[in-house]
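Each remark here refers to the structure printed beneath this line.
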Amino acid sequence: DSIAHLDRCLTCRACETTCPSGVEYGRLLDIGREFVKDHANRPLRSRMLTFLLRLVVPRPALFAPLLKLGQFFRPLLPAFIKRHVPTKMPVLHQVEPVIGAKVVLLSGCVQSAATPNVVASLLKVLQHQGMDAEVFHEGCCGALDYHLSAHEAGMQRMKAIIDQLFPRIDQIDYIVSSATGCGVTIRDYPEILQYDAAYRDKASAIVDKLIDPIEIVSGEAIEVATTRVAVHTPCSMQHGLGLTGAVEKLLGDIGFEITAHREGHLCCGSAGTYSILQPELSQQLKARKLNVLAEGKPDVIVTANVGCQLQLKEGANVPVMHWLELLAEQF
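Under our numbering, the first residue of the sequence shown is numbered 198, with each subsequent residue one higher.
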């Protein structure tokens, strides 16, 4: 029973937001799951699925071509596989990054393959606002391994990110992650690596420069198409980064009409690999979230994390995009 409860937890960290004592339930969950991995004999199917996720998803060089293959054969795939293979999303904004710029954009692993237009949109928005930026192809931040109880493998990926960024940290003003799931994981580096004397201070130096795009993009009013926008704030943004309402405020200040909806705290059911490991619960959460978002009759749904974007896109009756993509379309 305890294992089932651990498996069904979304790791949304809403309990941390509401806990008056500041208990870090996310950390406790990671500890509990690692204990289960070491002491419980899981079914072969579960172990194989976890192995494949860890083998493929964090490696863009492997994940990207497999995703393209899946997209090519998508019409022929069974429904339970098809919903995890997004339709091809072309890069719409061709803007040249500036090597050596003081703003570094993290491309991510899943995001760079599944939603490449997000980083391109962020680059376009920043350059429109007068900031040069470099796109950094850093690989996986370690979140997937770490949250699948492969802590050592996850920490090795975290250290690899640090090894790439730290040598030039004094030349960087901002490190920007446009996937909130990655951003919240990187923000946890100092705590995760606190007992590693060689990396804990470097991790803190990285996090000191880390920001979400919502914290750097200007909210000045511009001419925008009359668009009703429903905002789904990812759990990682609400409870991990503490930026609830930030996207709504920015887009509202710019000139978009933001639709109100109930249950803004509700998870969409993506939750990293949760949509694959717990498909029934994930689909129930997605249906509930889409129904709530549709109540305001939006023209478009925006979010701030690649997992949420892919989850909601499969089933929505209106376009689903990253808020950066919507903003970049206005320039």
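Note that beta-carbon positions come from the ideal geometry of N, C-alpha and C, so glycine has one too.
- DSSP, read as helix, strand or coil, puts residue 371 in strand.
- DSSP places residue 515 in the coil class of the three-state scheme, outside both helix and strand.
- In this structure, residue 515 sits away from residue 506, with a CB-CB distance that is not shorter than 9 angstroms.
- Under DSSP, residue 301 takes part in a beta bridge, and its partners are 331 and 372.
- Comparing alpha carbon positions, the residue from 203, 335 and 306 closest to residue 259 is 306.
- The shortest CA-to-CA distance from residue 431 to any of 528, 200, 201 and 207 is the one to 207.
- Restricting attention to 251, 281, 248 and 204, the CA atom closest to the CA of residue 512 is found in 281.
- Across the structure, residue 263 and residue 218 are spaced so that their CA atoms are roughly 45 angstroms apart.
- The distance from the Cβ of residue 330 to that of residue 324 is about 7 angstroms, consistent with a contact at the 8 angstroms cut-off.
- The straight-line gap separating the alpha-carbon atoms of residue 416 and residue 440 is approximately 15 angstroms.
- Under DSSP, residue 261 forms no beta bridge with any residue.
- 326 is the residue among 275, 289, 310 and 326 whose C-alpha sits nearest the C-alpha of residue 300.
- Comparing alpha-carbon positions, the option among 414, 418, 423 and 508 lying closest to residue 429 turns out to be 508.
- Linking residue 382 to residue 309 through their CA atoms gives a straight-line distance of about 17 angstroms.
- Closest in alpha carbon position to residue 373, among 389, 254, 413 and 386, is 413.
- Looking only at 335, 479, 266 and 311, the smallest Cα-Cα distance to residue 302 is reached by 335.
- Beta-bridge pairing by DSSP links residue 454 to 425.
- Rounded to whole angstroms, residue 489 and residue 397 show a C-alpha spacing of 42 angstroms.
- For residue 500, the beta-bridge partners assigned by DSSP are 519.
- Assignment of residue 278 by DSSP, reduced to helix, strand and coil, places it in the helix class.
- As computed with DSSP, residue 407 is found in a beta bridge with 372.
- Fewer than three pairs of CB atoms, one per stretch, sit closer than 8 angstroms, so the segment 448–458 makes no contact with the segment 220–238.
- By the beta-carbon neighbour count (other beta carbons within 10 angstroms, threshold 16), residue 420 is exposed.
- Note on the segment 203–276: whole alpha helix (DSSP H) runs with a minimum of 4 residues are 211–215, 222–236, 241–253 and 257–269, in chain order.
- Spatial neighbours of residue 254 in its own chain (CB-CB distance under 7 angstroms, excluding positions within 5 residues in sequence) are listed in chain order as 260, 306, 307 and 341.
- Contact annotation: residue 510 and residue 313 have beta-carbon atoms that are not nearer than 9 angstroms.
- Taking the CA atoms as reference points, residue 199 sits about 46 angstroms from residue 367.
- The alpha carbon of residue 252 has as its nearest neighbour, out of 205, 339, 214 and 204, the alpha carbon of 339.
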